[in-house]
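These protein sequence lines are chains A and B, in that order. The end of the first sequence is residue 350 by this note's numbering, with every number in the run present. The end of the second sequence is residue 362 by this note's numbering, with every number in the run present. Just so it is clear, CB atoms sit at the ideal spot from N, CA and C, and this is done for glycine as well. Here the structure is a predicted model, which means the values were calculated and not measured. This report concerns only the one structure given below.
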Amino acid sequence: MSRHFLEGGSIGLHRFALFTSFCTAFLIFVGGLVTSTESGLSVPDWPLSYGMFFPPMVGGIFYEHGHRMVATFVGLLTVILTVWTCMTEKRAWVRWLSVAAFIAVVTQGILGGLTVIYLLPTAISMTHACLAQTFFCLVVSLALFTSPGWKNGLPSVTDNSAGIGLPALCGLTTAAIYLQLILGALMRHTDSGLAIPDFPLAFGRIIPPFNSPNIAIHFAHRLGATIVTGAIIWTFSRIAREFRNYRGLFRPAFAMFSLVFVQLTLGALTVLTAKSVIPTTAHVATGAIILGTSLVLTLRAFAMSGREWKPGAKRERDSAKPKPKGAAIRYMITARERAWR
Amino acid sequence: MPKRLVFVCSSILVLALAAACGGGDTSGLPPAPAGSAAGGAGTFDMSKATATVSGKIAFEGAVPAPAKIQMSADPFCAQSATPETSVSEEIKVSDGGLENVIVYVKAAPAGLTFATPAEPKVINQKGCHYTPHVFTMMVNQPLEVQNSDMTLHNIHVWAVTNTPVNIGQAVQGMKNNVKLDKEEIPVPIRCDVHRWMNSFTGVFSHPFHTVSGGGGSYELKLPPGTYEIVAWHEKLGMKSQMVVVADNDKKDLGFSFAAGATAD
């Protein structure tokens with residue numbers, strides 16, 4: 010592979026990063042299937058499976074070994090993505106980000122093995138689940154940072170809001186989603202998914218009796234869902250009101266807004282169907298997709314407000330300009346932005 | 099430095115001499131603990147357990163139809179299924195009696211120690227089905243797990259007090275020994291490859307335990323004393339009763355479980 014090809018393939022690198030992101034989302038779905046079907050220990054050895062590279066794909070082995078195969082494929086994609094990025098990317102921080110993705114995927118593989126060897130200890134299983142989301146965020150970020158839209162520069166906007174700034178709002182929403190996914194992982198790996206067996210009430214009440222830690226974990230996840238939904242509605246309504254014409258913000262915000270209702274439905278179905286495999290697994294995967302979407306939105310919001318993390322880069326935001334009175338938010342549209350729109 | 103070398107060498111020599119000279123018949127092994135397979139002085143003589151407590155575990159209410167097991171996840175299992183193996187054994191009722199109930203003495207008489215049987219308890223995986231479904235054993239009694247199927251199984255002992263075990267048996271004819279060295283009731287045993295395969299055991303520090311068989315009948319041989327007899331079922335929970343027995347007594351002690359109850 011010549012260097013010329015690699016350099017000429019920067020759009021290729023973006024597409025490859027995008028492909029890796031899709032494969033990672035699929036891997037999270039497959040990982041969710043392993044937990045939903047309780048197949049995590051159907052292959053008792055690691056790194057081999059029953060001492061083989063490819064055991065008969067029967068029963069729970071189909072899910073557990075299938076997860077290992079998809080994970081190996083994603084690991085391979087990450088190695089290629091890291092090498093490709095390090096060879097062609099001029100921005101050092103993007104190169105370091107790809108190295109972080111590589112370290113994350115290796116650690117994730119080892120954690121997966123430890124989960125099997127130590128028979129699903131909650132701490133390791135939870136770390137495995139949370140690192141999966143972190144790794145997904147890393148590859149989604151890489152796909153975004155290598156995209157032509159990002160590299161050519163996003164439209165610059167000035168946030169003159171008297172209240173919380175859009176980047177901060179998006180950042181808080183992303184953080185809330187991430188915390189909610191950690192709570193979800195805790196719920197799955199402590200077997201608290203049906204600790205509250207009814208929905209939308211909890212034991213026929215709004216606040217359930219906290220007779221066990223499992224009920225507390227489950228209720229915390231429901232409370233988290235309410236907070237996340239509120240944060241997403243707030244973020245979307247803010248963008249729909251002020252940034253409807255900025256497709257780079259509106260599209261992910263709309264996707265996130267739509268998906269959160271799908272996610273709430275899946276969460277309800279998970280309880281009402283007593284953790285039926287498909288809604289339970291789809292709930293995990295949709296959570297990851299919402300996180301990825303919110304992350305893209307947050308990074309774009311930071312970049313467009315001139316707050317992109319770029320060591321040594323000049324901030325595009327013109328903070329010296331006086332804030333217009335009577336308007337909460339005004340955005341200064343540049344010529345480049347108009348072209349982008 | 100030379101002093102340290104002399105000390106290390108002489109220590110090794112002393113240890114080697116101790117190992118070579120000590121032990122006699124036991125060849126340096128530690129003495130058999132009370133209740134070990136070797137038995138010996140101090141262990142309870144089971145011939146002194148002359149009282150008999152027996153009875154029937156009755157099942158009240160309509161007997162549910164055994165749930166059909168879907169085995170299509172593994173073609174071998176689907177092909178080798180028989181009418182006996184393709185239904186759930188969760189609630190097995192015959193002649194109005196509930197089978198697969200572990201009946202045991204909650205606390206053995208104080209001060210007694212018991213010999214652990216040397217012969218292993220055997221659990222076999224045949225037709226993607228565990229035989230037996232429920233069994234009891236003593237602490238440190240060997241548990242032999244066999245795979246008679248031409249498919250893979252994993253034996254996952256979901257112990258809490260004991261160390262959990264997860265072993266793969268990829269080949270027909272494989273045998274593995276599992277050791278459970280602490281009292282624990284119940285210990286679920288499951289195959290994660292074939293989720294319908296499950297079994298339960300009770301691990302006891304004494305020999306006063308059994309599993310109800312056909313017609314829900316059971317029998318315990320006990321030394322004279324006052325006992326709390328416990329009956330445990332995987333789905334229907336636990337019940338207990340007190341009983342007082344003298345030498346050669348024969349006491350009838352029935353239990354009954356109602357349909358729809360759930361285990362604790």
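The beta-carbon distance between I155 of chain B and S310 of chain B, rounded to whole angstroms, is 5 Å. This is short enough to meet the 8 Å contact definition.
Listed in chain order, the non-local C-beta contacts of T199 of chain A below 7 Å within the same chain comprise T131, N223 and I226, local neighbours out to five positions each way being set aside. Within the same chain, M135 and I226 come within 7 Å of L195 of chain A by CB-CB distance, once the 5 residues on both sides are set aside. For A294 of chain A, same chain residues with a beta-carbon under 7 Å away, outside a window of 5 residues either side, are A34, I37, F38 and G41 in chain order.
Taking a Cβ-Cβ cut-off of 8 Å, L281 of chain A has no neighbours in chain B, whose nearest Cβ is about 20 Å from it. In terms of CA proximity to F302 of chain B, B:K204 leads the group B:T141, B:K204 and B:G153. Partner residues in the beta bridge of D350 of chain B, as assigned by DSSP, are B:S152. At a cut-off of 8 Å, the C-beta of S51 of chain A has a neighbouring C-beta in chain B.
With 16 or more other Cβ atoms from the protein chains shown falling within 10 Å of its own Cβ, I70 of chain A counts as buried. Closest option to K337 of chain B, judged by alpha-carbon separation, among B:V201, B:V291 and B:A208: B:V201. By the rule that beta-carbons nearer than 8 Å mark a contact, D290 of chain B touches chain A.
Inside the stretch 202-287 of chain A, DSSP marks whole alpha helix (DSSP H) runs of 4 or more residues at positions 222-251 and 256-281, from first to last along the chain.
The residue from B:M295, B:P286, B:V258 and B:A206 with its alpha-carbon nearest to that of Y325 of chain B is B:A206.
By the neighbour-count criterion, in which 16 or more other beta carbons inside 10 Å mark a residue as buried, N220 of chain A falls on the exposed side. Nearest neighbour of F142 of chain B by Cα position, chosen from B:T180, B:S170, B:M169 and B:F212, turns out to be B:F212. For I242 of chain A against F259 of chain A, the beta-carbon gap comes to about 15 Å, at or over 8 Å, which does not count as contact. Take T244 of chain A, set aside five residues on each side of it, and the residues of its chain with a beta-carbon closer than 7 Å to its own are L178, C179, T182 and A262, in chain order. Listed in chain order, the positions of the stretch 241-272 of chain B with a beta carbon within less than 8 Å of a beta carbon of chain A are T249, L250, N252, H254, P262, N264, I265, G266 and A268. DSSP places F25 of chain A in the helix class (H, G or I) of the three-state scheme. Identification of chain A residues near D172 of chain B by a Cβ-Cβ cut-off of 7 Å yields V67 and G68, ordered along the chain.
In the three-state DSSP reduction, Q270 of chain B falls in the coil class, being neither helix nor strand.
Its chain contains V52 as the residues whose beta carbon lies nearer than 7 Å to that of Y59 of chain A, once the 5 sequence neighbours on both sides are disregarded; these appear in chain order. Interface flag for D54 of chain A against chain B is set, since a Cβ pair is found closer than 8 Å. Counting C-beta atoms within 10 angstroms of its own C-beta, E217 of chain B has fewer than 16 neighbours from the protein chains shown and is therefore classed as exposed.
Per DSSP, the beta-bridge partners of R288 of chain B are B:H254 and B:N296. In its chain, beyond the 5 residues on either side, C175, A176, A179, S184, C226, H292 and W294 have a beta carbon closer than 8 Å to the beta carbon of M169 of chain B. Minimum Cα-Cα distance from V328 of chain B among the listed residues B:G140, B:A147, B:S152 and B:K146 corresponds to B:S152.
Using a 10 angstroms sphere on the CB of L320 of chain B, the tally of other CB atoms reaches 16 or more, which defines it as buried. Bounds of the alpha helix (DSSP H) holding W105 of chain A are A101 to I126.
DSSP, reduced to helix, strand and coil, places T211 of chain B within a strand of the structure shown. Under the criterion of beta carbons closer than 8 Å, N275 of chain B and L241 of chain B qualify as touching, at roughly 7 Å. Following the DSSP letters along the chain, one finds A329 of chain B inside the beta strand (DSSP E) bounded by residues G323 to H331. No Cβ-Cβ contact shorter than 8 Å links A297 of chain A with I236 of chain A. Here L22 of chain A has W93, T94, T97 and T155 as same chain residues with Cβ atoms under 7 Å from its own Cβ, once five neighbours each way along the sequence are excluded. In its chain, beyond the 5 residues on either side, S51 have a beta carbon closer than 7 Å to the beta carbon of G68 of chain A. As the crow flies, the alpha-carbon of I173 of chain A is around 15 Å from that of V166 of chain A.
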